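With the working numbering applied, the sequence shown covers 157 to 1099.
For glycine and all other residues, C-beta sits at the position ideal for the given N, C-alpha and C.
Computed from a predicted model, the values in this text were never measured in an experiment.
Reviewing the structure listed below.
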Amino acid sequence: MSDSSPSRGAASWRPSISIVDHIHIDDEGRSLTEPLRNDIRLLGTILGDTVRTHSGDDIFDLVEGSRRDAFRIRRGELDRDNLADRYADIDIAVALPIIRAFSHFALLSNLAEDIHRERRRRIHVRAGDPPQTSSLAATYSRLAAADLSDAAVGAALADATVVPVITAHPTETRRRSVFEAQHRITDLLRAHLRQDPTPEEDEEIIEGIRRQILTLWQTALIRLERPRIEDEIRTGLRYYDAAFFEVVPKINTQVRQALRGAYPDAGIEDQPMIRMGSWIGGDRDGNPYVTEEVVGFSTTMAARTAIGHYLEQLEVLGMEMSLSTRLTVPFDALYALTGTSPEDPSADEPCRIALRHIRSRLAAKATAMFGEDVMRTSDLYLVDGSAPYETAGELLADLDVIDAALRANSDEIIADDRLRTLREGVRTFGFNLYGLDMRQNSDMHEEVVAELIAWAGVHPDYTSLDEDERVALLSTELTSRRPLIGPDAELSELATKELGIVRAAAKAVALYGPEAVPNYIISMCQSVSDMLEAMILLKEAGLFDPNDGSPRSTVRVVPLFETIEDLQQGAATILAALDVPFYRKLVESQRGIQEIMLGYSDSNKDGGYMAANWALYRGELDLVEAAKKAGIRLRLFHGRGGTVGRGGGPSYDAILAQPPGAVQGSLRITEQGEVIAAKYSEPVKAARNLETLLAATIESSLLDVEGLGDDSESAYRDMDEIAALARAAYSKLVHETPGFVEYFTSSTPLSEIGALNIGSRPASRKQTKAISDLRAIPWVLSWSQSRVMLPGWYGTGSAFEQWIDGDESKLATLRRYYEEWPFFTSVMSNMAQVMAKSDMGLANRYAQLVPDEELRDKVFGMIVDEHERTIKMYFTITGTNDLLADNPALKRSVYNRFPYLEPLNLLQIELLRQFRAGEDSPRIRRGIQLTMNGLATALRNSG
């Protein structure tokens, strides 16, 4: 749009075509989803009955009328103004039950869709179809077809590890009561799916669903107060009992057995491939509420969760293993473990005695670490003076004795059940449960280290030194065991706090083992000194030891490259760090592995969707080459959010889209927000999603998945040009348009995200209005709520249009990339998924919240033009007229469910208008927050 067309931003503007018109459902698609629609109708009917009974006919009529009108809007039978007018000046007492009804419907629809996916998978399995892409079974078939040698597999999967890292997120604030009600509804739907119930049994299932939906309706969806970090820690821990304790050990066992069976000489080790990580309680970048007490709470609660689980499983095993010496073959090591003999009549059930002995030692360990007040009585009474376990390895060794005894008696079928899951669980989770990453911004490190160096008299003004001088000074300090400060040092509040946090991490390592805090991440890392400054803090806390020229640390220093420039310079930074002699020795002592984190969010906010994705790919290529040059092993940590704008999208495709050599058997990846619940809230979903991560990691490590062959360099040059054009188009809007920040803050719920107790973390790193200081989650969440989805597409259409510029050969090149290059395919597919969730008609209504009419017209006009241009170029390149042609499951979801978002968006706009006009009541605030959570639930990956 040109500046001479202001009507685009006016209230009367209408999109020339609805986004639904770019999504095509055929008769086959409708028939495939008929069981899903039946489930949704069932859940919706029960919810409607509940609303009518408990909120009255008037509210029910408003909800039902809104639902009907939303579908009429989708079909083009009703103007959106009609529904919006119904909500004008709505009383909050009326608005709240409508918001709750549609939020609950979004949640229930998610459950129905999950069950439908299970239904479709079962149909495929029963039909004898080939294994589903992204499953481990399909991966094993691909490996077999590639005819790989055992040596090649062993080399590629040495130190193999896949670590989902759970992080906090403002839209994932559901209470445990809601979480558990969802579980019960899912189990009831699954029973309905898998059984052939009699009419009486069917009625019992339906009655159970009614009971749970009523419970949900009368349970507050979100807390009244701002969640504390302790609340977020507890929220993250709930997924272990819900799924991880059951699923992770089983997958680790299965993949190890499968690989050893296919490649017996590959040397596949016992170490689990999947481990768990967390940032909740250790990530203090921009979060002033992370303290040493919070670090202690996170690591202690994790350990209590792990050991509590082991004690529960040991108790159940003790009840199950009633094997008698009169009916089994004696096993000497088992008697040695318990200090009994086969002749002892009281030792007739040696497995039970051994398990009681193990429980006693573990209970003693738990009591010593946590105190008696948190122990279960059934465990506490077992404490009999037995020596507590020092390490999880000792516990595992004793469990291995019971396993060996069972196998010696040909009882493998017993050994391979609960005991095997427990043994693998101990191997996977240890006493620490997860690795808590520490993270802080490099600016904070610089400030604290400057103070420490000045206090110690090393240099009065560290910040005045250039980079070479800083590296020299820091290297001197890091090769000496002399601490910079003593216990009597008088430090600033910041330095005291930062040192306290790192010392709390050191205490956790001492208590729960080195895996408790395995990484220290430096945000906005731009230089070698940024890395070494963090090591100064580790040294002061005793987590780094110069060790007379043979440095040691169980904590890896992980630079996080976030902006496009930092990604471009990342390889040079790492090579420069490895040129520092002591640092090179440290990496060698850590199995020669250098971990590097890649920031998807800030690079996107910095340069836009296409430029950021290409900067990450190019950066990874450079890092792979740098690692080869330096003779080290590279491990990449992908800081992906739930949305495509923050690196989200289908995990399998995203991993296969990595450049050659970037995976190497290892992958760490953040999991955030409502995506965590969508992936890991119960065992079936968790197993499927963890399998996907593992399958993609194995394939990317062992197979040539890039597909470019000899054309790779020309493809890279083409993408360099396209990315530069995309960044320029994005920057013209975001960084160069006067008033853009005002438009953004006014046309989205950004301000309310900070004001409405959503999440424990402030919305910005600093108290400024600069886009660069805004945290990525609020940036993306705000655009998602307003249905613009700008971070997932803006600038791409202009780049393609300008690069092709009427040249048919260039268009043919892009079409070939789309067919053959996983990176380009993934980028295009993810963009299309985002655009399918956008709605410029709704976005226009959010734009009306901008007071400055000229600014509103200008910015919204630019957004609409680029939106239309990007869809047009997507269709031109892909040869389709359907945004979701390659994702039928999402297509059906968008088509069937998205009309239910209409009331939530329109009510959010109305409540934002009232709130900004001065109606600052607690109920208005709660209504806005509920719309945010309802939309996040419905969109499933909104921030």
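C-alpha distance - residue i paired with residue j, whole-angstrom precision
| i | j | result |
| --- | --- | --- |
| Ser902 | Arg460 | 45 Å |
| Ile878 | Thr632 | 45 Å |
| Lys841 | Pro1007 | 45 Å |
| Gly165 | Gly895 | With a pLDDT of 49 at Gly165, under the threshold of 50, the predicted position of this residue should be treated as unreliable, and no value is reported. |
| Thr209 | Ala524 | 53 Å |
| Gly803 | Val990 | Confidence at Gly803 is low in this model, with a pLDDT of 42, below 50, so its placement is unreliable and the value that follows should be read with caution. Spanning the two alpha carbons is a distance of roughly 12 Å. |
| Leu218 | Ile254 | 7 Å |
| Phe453 | Leu470 | 25 Å |
| Ala988 | Ser994 | 10 Å |
| Leu263 | Thr1093 | 6 Å |
| Val1050 | Leu1039 | 11 Å |
| Met875 | Asp778 | 15 Å |
| Tyr618 | Leu634 | 15 Å |
| Glu646 | Leu731 | 37 Å |
| Leu1095 | Arg1081 | 21 Å |
| Leu1046 | Ala510 | 51 Å |
| Glu356 | Thr342 | 20 Å |
| Tyr1030 | Ile720 | 24 Å |
| Arg1048 | Asp735 | 54 Å |
| Asp860 | Leu967 | 25 Å |
| Ala833 | Glu625 | 48 Å |
| Gly948 | Tyr765 | 6 Å |
| Glu363 | Leu370 | 11 Å |
| Glu269 | Leu199 | 12 Å |
Beta-carbon spacing of residue i, residue j below 8 Å
| i | j | result |
| --- | --- | --- |
| Met691 | Val713 | yes |
| Ala885 | Gly962 | no |
| Asp1144 | Ser985 | The question about residue 1144 has no answer, for the chain in this structure spans 157 to 1099. |
| Pro320 | Glu827 | yes |
| Leu640 | Ala612 | yes |
| Ile424 | Arg412 | yes |
| Gln820 | Leu790 | yes |
| Tyr899 | Ser942 | no |
| Ala818 | Glu776 | yes |
| Leu473 | Val557 | no |
| Asp722 | His601 | no |
| Leu694 | Ser709 | yes |
| Val582 | Tyr396 | no |
| Gly795 | Ser757 | yes |
| Ile365 | Ser434 | no |
Bridge partners - residue i, DSSP secondary structure assignment
| i | result |
| --- | --- |
| Gln596 | Ile678 |
| Glu751 | Arg791 |
| Glu827 | Ile322 |
| Thr1036 | Thr1036 pairs with nothing; no bridge assigned. |
| Ser717 | The residue you asked about is not Ser; residue 717 is Phe in the sequence shown. According to DSSP, which records beta bridges pairwise, Phe717 is partnered with Leu754. |
| Arg712 | Asn675 |
| Gly433 | Val321 and Gly591 |
| Asp101 | The chain is shown from 157 up to 1099; residue 101 falls before or after that span and cannot be answered. |
| Asp701 | Arg708 |
| Ser822 | Thr317 |
Exposure of residue i, with buried meaning 16 or more beta-carbon neighbours within 10 Å
| i | result |
| --- | --- |
| Met475 | exposed |
| Tyr739 | buried |
| Glu862 | buried |
| Ile279 | exposed |
| Gly527 | exposed |
| Leu792 | buried |
| Gln1064 | buried |
| Thr577 | buried |
| Asp593 | buried |
Any non-hydrogen atom of the ligand ADP closer than 7 Å to residue i Cβ
| i | result |
| --- | --- |
| Ala885 | As presented, the structure is devoid of all ligands, the ligand ADP included, so that no description of it is given. |
| said: For the stretch 485-505 against the stretch 697-717, do three or more pairs of beta-carbon atoms, one drawn from each stretch, fall closer than 8 Å, so that the two count as touching? | reply: Contact annotation: the stretch 485-505 does not touch the stretch 697-717, with fewer than three C-beta pairs closer than 8 Å.
| query | On the three-pair Cβ rule with 8 Å, is the stretch 257-275 touching the stretch 185-196? | reply | Contact holds: three or more Cβ-Cβ distances are below 8 Å.
| Three or more C-beta pairs closer than 8 Å, one from the stretch 843-860 and one from the stretch 291-298: is that the case here? | Between the stretch 843-860 and the stretch 291-298 there are three or more C-beta pairs closer than 8 Å, enough to call the two in contact.
| said: For the pair the stretch 552-565 and the stretch 502-515, tell me if three or more CB-CB distances fall below 8 Å. | reply: Contact between the stretch 552-565 and the stretch 502-515 is present: 3 or more CB-CB pairs across the two stretches fall below 8 Å.
| message | Under 8 Å, with one C-beta from each stretch per pair, do the stretch 439-446 and the stretch 601-616 reach the 3-pair mark? | response | No contact exists between the stretch 439-446 and the stretch 601-616.
| Can you find at least 3 beta carbon pairs, one from the stretch 300-310 and one from the stretch 223-234, that sit closer than 8 Å? | Too few Cβ pairs lie closer than 8 Å, so no.
| field | Cβ pair count under 8 Å reaching 3, the stretch 583-592 against the stretch 663-678 | value | Contact holds: three or more Cβ-Cβ distances are below 8 Å.
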